[in-house]
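The opening position of the sequence shown corresponds to residue 84 in this note's numbering, with each subsequent residue numbered one higher.
Note that beta-carbon positions come from the ideal geometry of N, C-alpha and C, so glycine has one too.
Every value quoted in this text rests on a predicted model; they were computed, and no experiment measured them.
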Amino acid sequence: MDFTRKTTLITGASTGIGAAYARELAARGSDLVVVARSEDRLRALQEEVEAAHGVTVHVVPLDLARPGAAAELQRRVEESGTAVDVLINNAGFATFGAVAASDPTRIAEQVHLNCSTLTDLTTRFLPAMVERGHGAVINVASTAAFQPVPRMAVYGATKAYVLSFTEALASELRGSGVRALAICPGATDTPFFEVVGEQAAVGVRRRPEQVVATTLAALRKGRPSVVDGLLNRLVTLSPRLVSRRTTLAIAERVTRPRPAA
Ligand SMILES: NC(=O)c1ccc[n+]([C@@H]2O[C@H](COP(=O)([O-])OP(=O)(O)OC[C@H]3O[C@@H](n4cnc5c(N)ncnc54)[C@H](OP(=O)(O)O)[C@@H]3O)[C@@H](O)[C@H]2O)c1
Numbered sequence: 084m085d086f087t088r089k090t091t092l093i094t095g096a097s098t099g100i101g102a103a104y105a106r107e108l109a110a111r112g113s114d115l116v117v118v119a120r121s122e123d124r125l126r127a128l129q130e131e132v133e134a135a136h137g138v139t140v141h142v143v144p145l146d147l148a149r150p151g152a153a154a155e156l157q158r159r160v161e162e163s164g165t166a167v168d169v170l171i172n173n174a175g176f177a178t179f180g181a182v183a184a185s186d187p188t189r190i191a192e193q194v195h196l197n198c199s200t201l202t203d204l205t206t207r208f209l210p211a212m213v214e215r216g217h218g219a220v221i222n223v224a225s226t227a228a229f230q231p232v233p234r235m236a237v238y239g240a241t242k243a244y245v246l247s248f249t250e251a252l253a254s255e256l257r258g259s260g261v262r263a264l265a266i267c268p269g270a271t272d273t274p275f276f277e278v279v280g281e282q283a284a285v286g287v288r289r290r291p292e293q294v295v296a297t298t299l300a301a302l303r304k305g306r307p308s309v310v311d312g313l314l315n316r317l318v319t320l321s322p323r324l325v326s327r328r329t330t331l332a333i334a335e336r337v338t339r340p341r342p343a344a
């Protein structure tokens with residue numbers, strides 16, 4: 084896909100994987116709309132990539148975990164006269180711990196950000212892409228999408244939703260000129276673990292730039308979904324080889340808190 088003089092909207096662009104998408108797509112000539120809560124970080128990113136690549140970056144500071152956030156974002160984008168060619172639904176977070184011990188407000192925000200806002204933004208920006216006959220929706224899922232995850236039950240379920248929704252969407256869009264892709268990173272070296280806690284960290288962490296490269300290669304090939312990294316790909320295959328019960332038991336062991344060293 085040629086990103087020159089296109090506009091890419093990236094949610095969660097202030098840090099981590101979202102910021103890496105912003106840097107790479109700006110380097111490929113795309114204007115950007117960057118969204119997150121941290122306006123200072125978005126402004127710093129805007130200054131950096133505008134200077135480096137001569138593209139235009141619109142900054143939209145917004146809490147996307149709030150009801151009505153997608154409609155508000157669409158309104159602000161339309162006001163600026165921008166047509167979105169590529170939508171990257173990347174903003175998301177996880178919580179760690181038993182559901183019975185969780186903060187209901189935080190859980191509701193997680194479901195809203197990871198699922199509702201992602202779906203709402205897709206539904207709002209997709210029709211114009213289909214009308215123009217080109218574009219892409221890239222939704223960031225996770226390797227957590229492939230099995231239930233005790234202690235991250237809500238997070239795993241939200242990412243299973245993202246994967247299912249996006250693959251179905253990719254099928255619906257066949258022949259339209261618009262692509263949908265679910266990217267499933269495994270553990271990636273970002274501030275994600277500062278939010279969820281280090282106890283959620285499993286396996287060797289890959290770099291955000293590797294997730295971006297995997298995404299763009301899969302987009303080129305027209306794939307509906309892709310797992311980032313060979314080791315992560317092998318891990319996501321294992322639920323197909325054993326019973327669901329065994330998969331659940333393995334996931335329970337993997338997320339079991341380790342005794343302090
Ligand atoms: N890192 C991993 O190991 C990993 C693995 C698999 C999947 N993922 C997925 O990758 C995506 C990006 O995560 P990351 O690893 O890059 O973590 P991150 O560095 O913590 O980035 C999360 C981004 O989402 C934004 N965000 C969080 N809550 C928001 C809200 N309420 N409204 C608007 N923006 C919000 C954050 O910005 P503000 O705080 O400024 O709002 C930040 O830009 C997420 O969907 C995550 O689930 C990550």
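For residue i, the first and last residue of its enclosing beta strand (DSSP E)
| i | result |
| --- | --- |
| H141 | V140 to P144 |
Alpha helix (DSSP H) segment containing residue i, residue limits
| i | result |
| --- | --- |
| L170 | Note, L170: premise wrong, no alpha helix (DSSP H); beta strand (DSSP E) at V169 to N172. |
| M212 | L201 to R215 |
| L331 | R327 to V337 |
| L156 | A152 to E162 |
| R189 | P187 to V194 |
Cut-off 8 Å between Cβ atoms - residues of its own chain near residue i, not counting five sequence neighbours on either side
| i | result |
| --- | --- |
| A240 | P231 |
| Q157 | L204, R207 and F208 |
| A284 | A270 and F276 |
Buried versus exposed, by CB contacts within 10 Å (16 or more), residue i
| i | result |
| --- | --- |
| E214 | exposed |
| A182 | The sequence given here places Val at residue 182; Ala does not occur at that position. V182 is exposed by the Cβ-count criterion. |
| L317 | exposed |
| E107 | buried |
| S97 | buried |
| L324 | exposed |
| P268 | buried |
| L92 | buried |
| G99 | buried |
| G312 | buried |
Residues near residue i by beta carbon distance below 7 Å, same chain, minus five either side
| i | result |
| --- | --- |
| T165 | T90, V116 and H141 |
| G260 | G216 and H217 |
| A102 | A96 and L128 |
| F229 | T319 and P322 |
Sequence-distant residues of its chain with Cβ nearer than 6 Å to residue i (five each side left out)
| i | result |
| --- | --- |
| E335 | P233 |
| K242 | A224, S225, A227 and A228 |
At 3 residues or longer, and completely inside the segment 220 to 266: list those beta strand (DSSP E) runs for me, N to C. Assignment of beta strand (DSSP E) within the segment 220 to 266, counting only whole runs of 3 or more residues, yields no such run.
Which ranges does the alpha helix (DSSP H) cover as unbroken runs of at least 4 residues, wholly within the segment 93 to 132, from first to last along the chain? Fully enclosed alpha helix (DSSP H) runs of 4 or longer: 99 to 110.
Does the segment 145 to 152 touch the segment 186 to 203, meaning 3 or more C-beta pairs lie closer than 8 Å? yes
Complete alpha helix (DSSP H) runs within the segment 262 to 318 (minimum length 4 residues, chain order): Complete alpha helix (DSSP H) runs here, min 4: 275 to 279 and 291 to 304.
Quick check: the segment 233 to 249 against the segment 284 to 296, are there 3 or more CB pairs under 8 Å? no
Three-pair Cβ contact test at 8 Å for the segment 304 to 323 versus the segment 273 to 280: No, the segment 304 to 323 is not in contact with the segment 273 to 280.
Count the C-beta pairs between the segment 262 to 269 and the segment 210 to 224 that are closer than 8 Å, then say yes if the count reaches three, no if not. At 8 Å Cβ cutoff, the stretches touch.
Is the number of C-beta pairs between the segment 122 to 137 and the segment 170 to 184 that are closer than 8 Å three or more? Short answer: they don't touch.
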